[in-house]
Structures are given as structure tokens and as C-alpha cells.
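This note's numbering puts the first residue of the sequence shown at 193, with every later residue one more than the last.
Have a look at the structure below before the remarks.
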Amino acid sequence: MHDKPTIIIGIAGPSGSGKSLFADNIIKELGSSQVIMISEDSYYKDLGDMPQAVRAQLNFDHPDSLDHSLLVSHLTQLQAGLTIDVPRYDHSTHTRLPDRIKIAQCPIVILEGILLFTDPELRTLMDIRIYVDTALDICLLRRLQRDVTVRKRTVASVIEQYQKTVRPMYFQFIEPSKRYADIIVPHGGKNHIAVDMIKVKINELLMKRSQAGV
């Protein structure tokens with residue numbers, strides 16, 4: 193734990209496990225004025241200097257595809273009361289968009305992403321580490337629906353990527369990182385009992401920091 197005014201909550205788990213829904217439910221319980229959410233996806237490295245055909249073949253489920261050092265820097269700045277410029281990432285082109293999203297210091301930051309717990313520096317910054325545990329077949333169906341409808345990919349390309357990198361990287365990096373979690377949440381983002389428990393813990397941390405004058 194760190195003695196900074198910002199409480200950082202990390203939510204990890206496989207792609208399609210319900211991390212975003214779980215985070216949204218926490219935000220609804222706590223009130224959006226107290227919480228900001230930052231997605232690990234925003235910190236994919238910019239591949240604009242590569243041909244599109246080469247970009248599409250890269251492994252986006254490996255920790256090296258993410259700029260975790262920039263994310264660590266941004267979180268540290270938020271803890272210091274500074275404003276950060278979060279990148280905006282275009283999944284269809286695998287590049288960062290020119291405009292950024294400004295985020296100011298806030299009592300609670302929720303981080304959401306598949307590979308958050310693989311980075312020791314990120315883990316150290318987190319006050320609560322939550323792993324959303326969902327069956328892989330359900331994750332695949334959700335990912336398929338999302339990538340086809342939102343990211344405009346073909347069913348064949350989604351399945352190919354799943355077999356080539358998503359599933360192998362899950363077993364190599366994501367599932368083993370579960371051991372770093374403080375709380376493992378089954379049943380995905382609709383586990384309201386887990387949301388209630390985490391709300392109590394967050395309020396407890398907020399009260400402690402208020403009493404300490406942090």
C-alpha cells in the first residue's frame with residue numbers, strides 16, 4: 193500500500209471476462225464523481241510506422257505489445273495531483289489517434305486490462321487487485337461478438353487470432369498472473385456480491401486516508 197491520495201484498483205482477467213462491466217458496476221455504486229477508469233488498451237504501442245499487413249500479424253496479447261512504463265508514469269503523476277493525457281488507440285489500424293483524453297487527479301482510479309498483473313511496477317501501485325474469472329468459451333463468444341460488431345473484423349480473423357495468440361498468451365501470462373490478485377471474482381461482471389464487498393473496502397480506504405489527512 194502507498195500513502196497517496198489516489199486509490200488505485202486493478203481489474204484483470206481474460207479478454208471477454210466481464211472486466212469492463214465489473215468496473216462499471218463499481219463506478220455506479222461509488223458515484224462517477226469519485227472514480228475514473230483507465231483502460232490498459234489505451235496503452236498499446238503505436239504501430240503507425242509499420243505497414244498495415246505487418247501490424248495485423250503481431251501478437252497483441254503479449255505484455256511487450258503494451259507501453260506499461262507510460263502507464264506507470266501516468267499513474268504516478270495522478271498520485272502527485274497532476275493531469276495526464278491518456279492516449280486514444282484505434283484497434284482497427286493499431287495506431288494511436290492524434291487527440292488525447294485529459295484526466296485530472298481523482299480519489300479513485302480503476303485500471304482495467306488483461307495483462308495488468310504481469311507488470312511488477314503496476315502491481316505495486318495498486319491498492320486492490322481483482323481478477324475476473326470467467327470460462328474461456330464464454331470469453332471467446334463475447335470477444336467474437338465485440339470484435340465483429342465494434343472493431344469491424346471478420347469472424348474468421350477473430351477465430352484465427354484467438355487460436356494463434358489469445359488462447360496461448362492466456363495460459364502463458366494472464367492465468368498465471370491470477371496469483372497476484374487480492375480477490376478472484378467468478379461469474380464475471382454481474383457478481384453483485386463481489387461489487388458490494390469491494391465498495392465496502394474502498395470506502396474503508398477512503399476513510400483511513402481522510403483521517404490520516406492524506
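Here a beta-carbon is modelled for each residue, glycine too, at the ideal position from N, C-alpha and C.
Quick caveat: nothing in here was measured; it's all calculated off a predicted structure.
Ordered along the chain, which non-local residues of its own chain (more than five positions away) have a Cβ less than 6 angstroms from that of residue i?
i: SER317; result: Position check: residue 317 holds Leu in this sequence, whereas Ser was assumed. Counting only Cβ-Cβ distances below 6 angstroms, and skipping sequence neighbours, we find ILE200, LEU267.
i: LYS211; result: ILE203, GLY205, GLU304, VAL324
i: ILE295; result: ILE228, ILE276, VAL278
i: GLN337; result: none
i: ARG247; result: LEU239, HIS286
Just curious, the alpha helix (DSSP H) that residue i is in, first and last residue?
i: ILE219; result: 211-222
i: GLU396; result: 384-404
i: GLU313; result: 312-317
i: ASP340; result: This sequence places Val at residue 340; Asp is not what is there. Residues 328-341.
i: GLU352; result: 347-353
i: VAL358; result: No alpha helix (DSSP H) contains VAL358, which DSSP labels as neither H nor E.
Reducing DSSP to helix, strand and coil, say where residue i ends up.
i: ARG288; result: strand
i: GLU367; result: coil
i: ALA204; result: strand
i: ILE199; result: strand
i: SER225; result: coil
i: LYS294; result: strand
i: PRO299; result: coil
i: ASP253; result: coil
i: LEU270; result: helix
i: HIS194; result: Any reading at HIS194 needs caution, since the residue's pLDDT is 44, under 50, leaving its predicted position unreliable; the model's value is listed next. HIS194 falls in the coil class under three-state DSSP.
i: ILE374; result: Note that residue 374 is Asp in the sequence shown, not Ile. In this structure, ASP374 counts as coil in the three-state DSSP scheme.
For residue i, which residues from the same chain have a beta carbon less than 7 angstroms from its beta carbon, with the 5 sequence-adjacent residues on both sides left out?
i: ARG288; result: ASP238, PRO279, ARG280, TYR281
i: ASP339; result: ARG345, VAL350
Could you pull out every residue in the same chain whose Cβ sits closer than 8 angstroms to the Cβ of residue i, ignoring the five residues on either side in sequence?
i: PRO255; result: LEU307, THR310, ASP311, PHE365
i: LYS393; result: ILE320
If you follow the beta strand (DSSP E) that residue i is in, where does it begin and where does it stop?
i: VAL324; result: 320-325
i: VAL278; result: 276-278
For the candidate residues the options, whose alpha-carbon lies nearest to that of residue i?
i: ASP291; options: HIS379, ALA215, SER234, ARG359; result: SER234
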